Amino acid sequence: MTAAMRPSFLQRSHQCLRRLLVNDESGVVILEFAFTIPVFVLLSITSFELINLALAHMRASQIAMTVADNLSRAKTTVPLGLPRLREVDVNDTLLGAQIQGGDSFGLLENGRIIVSSLQQNSSGRQWIAWQRCKGVLNVASAYGVQGSTQPSSGTGGFQGMGRASQRVVAPPNSAIIFTEVVYDYQPIIGEFVLGTLRIRKEAAYFVRDDRDLVGGPSGNGMYNPAPAASVSSCNLFDSTF
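Last residue of the sequence shown: 410 in my numbering, with the numbers rising by one and none dropped.
Here it is, written out as structure tokens:
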């Protein structure tokens, strides 16, 4: 090769620089991929947590509807008398709700079920005839405790149960089983993803058949015949039956 055909020093330097630049492009791709990994992981974690949250909302809603539905049907027949609701019927329903939630959900360990019988008293006012609760979470009904009664003026205070736009009112000689499920969401990844969340679901069903609404020791339609069952009182915060 003649001297004229040999690449000059500048040409050789330019060729080396081009090769280096080509090699550097592969490094840029790796670097870009390394930067996207944390974003991808964060999006994946958030997606998993949102799916789990949606499932928790659905499960709490289903439990609220099941409890209200079951207690609107529950009764024991009485010869020559109206069917009655017993404490054991309430306990069985609450136990069924715990089983429905499953061990992984931990409804009673991380939440509370509040079930109330909304009725109309002899004065034509709405009142909570009886109320039963189960669960460790220290929360009360959003609408009042057992015995809460609509004021005589008809304005202010207890007017029924449910949000203002969806409030339910019991008609005469009937009752509405109103269930509230409150649950502190348990994340699968950690609270740093969505923070601390509390789920509240409500459901209401009319009592399906005739029922004794004014009998029993307290005159509110709740019976506890022998052998007496434990009362799931709302001043207790436990998950045992």
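Ideal Cβ placement from N, Cα and C applies to all residues, glycine included. Computed from a predicted model, the values in this text were never measured in an experiment.
Residue from the options with nearest C-alpha to residue i
i, options, result
"Phe274", "Leu287, Val400, Arg228", "Arg228"
"Pro340", "Val376, Asp353, Tyr392", "Val376"
"Ser241", "Leu363, Val338, Ser286, Cys403", "Ser286"
"Ala309", "Asp381, Ala395, Val284", "Val284"
"Arg255", "Leu249, Asn239, Gln269, Ile268", "Asn239"
"Tyr312", "Phe204, Asn393, Gln295, Leu276", "Gln295"
"Phe410", "Leu306, Gly265, Gln319, Gly293", "Gly265"
"Ser292", "Pro320, Asn307, Gly271", "Pro320"
"Ile368", "Arg281, Ala237, Val383", "Arg281"
"Glu360", "Leu277, Phe209, Cys403, Phe217", "Phe217"
"Leu249", "Asp379, Ala398, Gly388", "Asp379"
"Ala237", "Thr215, Met330, Thr262, Leu219", "Thr262"
"Leu306", "Ala298, Val314, Leu276", "Leu276"
"Lys370", "Phe204, Leu211, Thr235, Ala203", "Thr235"
Contact check, residue i vs residue j, beta carbons under 8 angstroms
i, j, result
"Ser401", "Lys244", "no"
"Tyr352", "Ala225", "yes"
"Val350", "Ile232", "yes"
"Ala344", "Val257", "no"
"Thr348", "Ala372", "yes"
"Val338", "Cys403", "no"
Whole-Å CB distance - residue i paired with residue j, under 8 angstroms assumed
i, j, result
"Arg253", "Val247", "6 angstroms"
"Tyr374", "Ile357", "Contact flag wrong, Cβ pair sits at about 32 angstroms."
"Leu251", "Asp381", "4 angstroms"
The ligand MG heavy atom lying under 7 angstroms from the CB of residue i
i, result
"Asp272", "Among the components modelled here there is no ligand, and therefore nothing to report on the ligand MG."
Residue environment, residue i, which counts as buried when at least 16 other CB atoms sit within 10 Å
i, result
"Asn342", "exposed"
"Met170", "With a pLDDT of only 48 at Met170, under the threshold of 50, the placement of this residue in the model should not be trusted; the figure read from the coordinates follows. Met170 should be labelled exposed."
"Gln289", "buried"
"Ser279", "Checking the sequence, you will find Asn at residue 279 rather than Ser. Label assigned to Asn279: buried."
"Gln335", "exposed"
"Ala298", "buried"
Alpha helix (DSSP H) segment containing residue i, residue limits
i, result
"Ile268", "256-270"
"Phe361", "360-363"
"Leu366", "Segment: none, Leu366 is in no alpha helix (DSSP H) and carries neither H nor E."
Range covered by the beta strand (DSSP E) that runs through residue i
i, result
"Leu306", "Neither: Leu306 is in no beta strand (DSSP E) and is coded neither H nor E."
"Leu287", "280-289"
"Val400", "Careful: Val400 lies outside any beta strand (DSSP E) and carries neither H nor E."
"Tyr352", "344-353"
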